[in-house]
Structure formats: structure tokens, C-alpha cells
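1 is the number of the first residue of the sequence shown in the numbering used here; add one for each residue after it.
Think of the CB as a built atom: it goes at the ideal place given N, C-alpha and C, for glycine as much as any other residue.
Keep in mind the model is a prediction, meaning the values are calculated, not measured.
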Amino acid sequence: MRPSVRPEVQRRCAVIGAGVLGASVAARLAGPGMHVVLLDQDQPGRATSRWSFAWLNSNDKGPRLYHELNHAGIRAWAELATDLDGPAWYRPAGNVELATDDTARAELAARVRRLTEWGYPAHLVDAAEASRLEPSLRTQEPAARNAAAAWFPGEGYLLTEPLIARLVRYATSRGAQLLTGEQGRVVGFDTDPIRVRTAAGTVLEADEVVCCAGRWVPELAALAGAASPVPAAGADSAMPWVSAAPVPLENWAEPGATAPGFVVRVGPVDGIGPKRVVHAPEIYLRPHSGGLVHLEAPDAAADLHTPEPELRRWAGELLRRARRTVRGLDHATVADYQVCVRPMPADGQSIVGRLSGAEWLYIAVTHSGVTLAAHLSRLIAAELTAGTPAAELAPYRPNRFQRSPGA
Ligand SMILES: Cc1cc2nc3c(=O)[nH]c(=O)nc-3n(C[C@H](O)[C@H](O)[C@H](O)COP(=O)(O)OP(=O)(O)OC[C@H]3O[C@@H](n4cnc5c(N)ncnc54)[C@H](O)[C@@H]3O)c2cc1C
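Rendered as C-alpha cells:
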């Protein structure tokens with residue numbers, strides 16, 4: 001990871017949030033020209049990044065520019081892996097997807113065609129080839145025998161906990177300071193000069209403040225005094241699922257909110273277990289560290305209010321579905337489960353840049369943050385050090401949601 005700052009000028013940058021995005025930004029920025037303080041209210045990587053499916057992909061991302069941004073994200077991790085102990089966290093294992101009904105087959109074929117036209121590695125294969133690629137698949141089961149399948153060899157997944165530990169270690173080896181717990185919990189800002197205030201009473205002066213606080217970015221933007229968004233003229237005014245904070249994220253706190261997702265980790269795996277990312281109609285899975293397998297399901301509806309017995313019921317159901325889909329889980333039990341929250345921007349695409357009304361605050365919040373963090377952090381660090389806006393980030397500026405009240 002090359003330093004991207006001019007060593008003759010020592011500037012100070014506070015990075016708020018040590019998830020995959022903030023840790024990546026800190027690692028890119030820290031160095032002789034930039035003193036970074038990385039703040040987190042918890043230990044690094046304990047929020048959404050810890051529980052993410054962490055599938056590296058640009059499999060169904062549109063429009064084309066956003067697809068390209070995600071594709072660049074996949075390539076950026078491959079580059080970083082060579083410098084940052086990749087074997088500990090980088091798994092370019094590919095992804096096998098199965099489709100069993102006519103609608104899903106047609107959608108899969110159309111998607112593979114579109115991705116191929118876009119220069120993205122994607123191939124339609126038959127069930128036999130799918131089980132050669134992923135030998136744990138139970139493609140002899142009646143439901144899967146006639147499945148259509150696709151193979152995405154450029155995809156994979158990351159183990160985010162060892163990754164974030166290495167990003168933070170790299171940043172601190174280049175002079176960054178890590179503040180966690182109450183010392184790292186940001187509770188306020190001053191603007192003249194720019195200061196960050198923490199719950200422990202620490203006051204940090206900064207030349208730049210980058211907020212990578214995941215789903216909490218709207219709260220911090222409000223603390224910074226940014227204007228609430230007013231829907232642009234002609235925009236659909238009925239968006240009850242969008243929080244009314246300065247940075248519009250899909251609502252995650254209310255019962256029934258769709259930003260939360262339910263994840264389950266099961267194990268141990270015996271014999272042959274899955275080696276790749278697998279998307280089957282009723283279950284999505286991938287290997288996880290410690291001999292576990294990570295599971296998600298498209299219909300596992302849970303939010304932060306779902307009662308424990310219901311979560312346990314879903315966890316058991318996902319394990320049963322995984323057993324029907326792959327070998328190696330006959331003796332597995334549920335090791336862990338969690339409702340975790342997607343920091344989902346209102347239009348589904350990243351929000352990156354300076355906030356209108358509080359330009360000193362640079363925010364970065366996104367879904368697909370695992371896929372995107374290596375590339376986004378490189379663009380963000382280049383903007384902050386060179387001061388030149390990155391053309392690639394132009395579609396993702398926060399002001400696309402804002403216009404001045406009364407306009
Ligand atoms: C179920 C699920 C599946 C997903 N699957 C994928 C996938 O397959 N591929 C993919 O690319 N992405 C996926 N995502 C999305 C991805 O996980 C997120 O986009 C990414 O983890 C966000 O990282 P982050 O660093 O922005 O946020 P987080 O990991 O949430 O980190 C934010 C940090 O900010 C800290 N913080 C908050 N407030 C404060 C404060 N006031 N002071 C100090 N610190 C603060 C928190 O403690 C936290 O550590 C998935 C998400 C979910 C929920």
C-alpha cells in the first residue's frame with residue numbers, strides 16, 4: 001500500500017468508524033504527511049462489517065457506472081492482498097449460482113449475457129459442471145438435478161475480522177493513533193477551528209474529518225449541523241422508508257425495516273464442505289473461518305425487534321436448508337446468529353464526499369462496503385491529499401439528495 005501524501009506537509013485527519021471502510025481509509029491516508037486518528041465507539045470491525053456476507057461481487061449492480069465501481073473494488077482487493085497478508089483474509093474462490101424455476105433461469109441467463117457484454121467474468125454452466133466446480137453441492141437432489149447454473153470466477157469473499165485487524169495495524173505502523181470505546185465515541189464537533197469531541201472529553205483538532213460510521217453516519221452528520229435533505233423537485237415525495245436525517249439511509253431502526261439482515265454461522269463442517277460462494281434458490285452460503293459456514297436466506301425477515309425465539313427458529317431453518325444444499329453439515333449446529341444492519345443509501349448507491357452545509361465533514365457510507373472499501377478508500381485518500389475531485393466519485397456526492405429549502 002503506497003503512501004499517497006506529500007511528506008513535507010504534516011496534516012491531521014480524524015477518521016470516525018473503524019469498520020471495513022474507515023479502517024481502509026485510515027490505512028490509505030496514514031503516513032509521513034498525514035497524522036491520522038482513527039476513532040471507534042467499539043473495538044475495530046465489530047459492527048456491520050463483522051457479520052457481512054462479505055461477497056466480493058458486481059453481480060447485479062446497476063447502473064453501469066456503479067457496476068464498474070464495484071468491479072474496480074474487486075480488483076483493488078486483489079492488489080491489496082499482495083501487500084497485506086492476503087492469505088489471512090482474501091478468498092478469490094468464485095461464486096456458483098443455481099436457478100431452479102423458469103423465471104429464475106431466464107433472469108440468470110439474461111444477467112450472464114449482460115455481464116459478459118460488460119466484460120465481467122460470467123458463464124452459464126449445467127448442474128454437472130456446477131458440482132465439478134463446487135463438489136459439496138447436492139446437485140443429485142431432485143430439486144437441483146435440472147437446475148440451471150452460472151459460474152462467476154472473478155468473485156469471492158473476504159474474512160473481515162482478520163482483514164480489519166491488518167488494516168488497523170498497517171495504519172498504526174504508519175503513525176496513526178487508534179482511540180476506542182468512550183475515548184473513541186464521537187459526540188460532537190466544533191467548526192472554527194475544526195475539532196472532534198469524544199465521550200471521554202478528548203478534543204482533537206483536525207484539518208480533515210472523514211466519517212465512515214456506517215449506519216450512524218446520519219446521526220453524526222446531524223451533529224455536524226448539516227441541512228436535512230429536501231426532496232429534489234420532481235422526486236417521489238412518498239419515501240417513508242428513508243430516514244429524515246441529513247444523509248438519507250433506508251430506515252433500519254423501526255419494526256419491519258428492511259435494511260437489517262439475518263445471518264447465521266454453523267459448523268463444524270465434516271468431510272467435504274463448501275469452498276466457494278454458493279447462491280441456491282433458498283439459501284446463500286460461503287465458508288467462514290474456524291470451520292464454520294456463513295448462511296443467509298432471501299426470505300429470512302428479521303429486524304432489530306424480532307423476538308429471540310423467532311430468530312432461533314430462522315437459524316434452525318437456515319441450517320436445514322444449507323444441509324439440503326451442500327454436504328458436510330450433517331453434524332453441524334448453529335454456532336452464532338445475528339441481525340445486522342445494511343447502511344443502505346436511499347437510492348442504493350454510495351454516498352461519498354463533503355456535506356452541503358458542513359463542507360468540512362467528508363462522509364462515506366455505502367452498501368456493498370466490503371466489495372467497495374479498497375477502491376473507495378483509494379479514491380477518498382487521493383481526493384483528500386491532492387485536493388482534486390475524483391471524476392469516478394461524481395455520481396455519488398451527498399448533494400444529490402439536497403437542495404436548499406424553498407428552492
Ligand atoms: C446481512 C448483510 C449482508 C451483506 N453482504 C454484503 C456482501 O455480500 N458484500 C458486500 O460488499 N457488502 C455486504 N454488506 C454490506 C457491507 O457489510 C457494509 O456496506 C459494510 O460492512 C459497511 O462498512 P462500514 O465500515 O461503512 O460500517 P460498519 O462496519 O458498521 O462500521 C462503522 C463503525 O463506526 C463506528 N461508529 C458509529 N458511530 C460512532 C461514533 N459516534 N463514534 C465513533 N465510532 C462510531 C461503529 O462502532 C462501527 O465500528 C452486507 C451487509 C449486511 C447487513
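Ends of the alpha helix (DSSP H) at residue i?
i             : result
glycine 188   : Premise fails: glycine 188 lies in the beta strand (DSSP E), 186 to 191, not in any alpha helix (DSSP H).
threonine 160 : 160 to 173
valine 370    : 369 to 386
glutamate 107 : 102 to 117
aspartate 83  : 64 to 83
arginine 313  : 308 to 325
alanine 26    : 20 to 29
leucine 149   : Looking at the sequence provided, one finds alanine at residue 149 rather than leucine. Counting along the chain, alanine 149 falls outside any alpha helix (DSSP H), though it belongs to the beta strand (DSSP E) covering 148 to 152.
glutamate 129 : 127 to 133
With DSSP as the reference, identify every bridge partner of residue i, one or two as the case may be.
i                 : result
leucine 38        : Val15, Leu178
tyrosine 157      : Trp55, Arg91
valine 365        : Ile351
valine 203        : Arg197
alanine 333       : Sequence check: residue 333 is threonine here, not alanine. Answer is Gly267, bridged to threonine 333.
tyrosine 284      : His279, Glu296
alanine 226       : None; alanine 226 has no bridge partner.
phenylalanine 262 : Val339
cysteine 211      : Ile16, Ile363
valine 96         : Trp151, Val278
proline 44        : In DSSP, proline 44 forms no bridge with anything.
proline 345       : Leu249
leucine 137       : Val326
leucine 124       : Ala150
alanine 358       : Leu355
Can you tell me where the beta strand (DSSP E) holding residue i begins and where it ends?
i           : result
proline 218 : Proline 218 -> not in any beta strand (DSSP E); alpha helix (DSSP H) instead, spanning 217 to 223.
Could you tell me how far apart the beta carbons of residue i and residue j are, in whole angstroms, since I believe they sit closer than 8 Å?
i            : j             : result
glutamate 97 : alanine 149   : 7 Å
alanine 346  : glutamate 219 : Between glutamate 219 and alanine 346 the Cβ distance is about 16 Å, and since that is not below 8 Å, they are no contact.
alanine 72   : tyrosine 157  : Between tyrosine 157 and alanine 72 the Cβ distance is about 18 Å, and since that is not below 8 Å, they are no contact.
glycine 380  : valine 210    : According to the sequence shown, residue 380 is isoleucine rather than glycine. The Cβ separation is near 7 Å, so the contact holds.
arginine 113 : alanine 127   : Not confirmed; about 20 Å, so no contact.
proline 260  : alanine 302   : 6 Å
arginine 105 : aspartate 60  : Not quite, the Cβ-Cβ distance comes to about 15 Å (not below 8 Å), so this is no contact.
valine 334   : cysteine 212  : About 31 Å separates the two Cβ atoms, so there is no contact after all.
threonine 48 : valine 341    : 6 Å
Practice task
Say whether the region 189 to 196 touches the region 120 to 129, bearing in mind that this needs 3 or more beta-carbon pairs closer than 8 Å, one atom from each stretch.
Solution key: no
Handout entry: Cβ pair count under 8 Å reaching 3, the region 181 to 188 against the region 29 to 42
Key = Contact between the region 181 to 188 and the region 29 to 42 is present, because at least three Cβ pairs lie under 8 Å.
Problem - Given 8 Å, three or more beta-carbon pairs between the region 358 to 373 and the region 171 to 180 - result: no
Practice task
Determine, using beta-carbon pairs with one atom in the region 201 to 212 and one in the region 324 to 339, whether at least three such pairs fall under 8 Å.
Solution key: Touching, no, given that fewer than three Cβ pairs across the two stretches are closer than 8 Å.
Handout entry: the region 15 to 29 / the region 368 to 384 touching (three or more Cβ pairs under 8 Å)
Key = yes
Practice task
Would you be able to state if there are at least three C-beta pairs under 8 Å between the region 279 to 295 and the region 261 to 268?
Solution key: Touching, per the Cβ criterion.
Exercise for the section: Would you be able to state if there are at least three C-beta pairs under 8 Å between the region 342 to 359 and the region 388 to 401? Expected result: Yes, they touch.
Practice task
Evaluate contact between the region 310 to 322 and the region 133 to 143, counting only Cβ atoms and requiring at least three cross-stretch pairs below 8 Å.
Solution key: no
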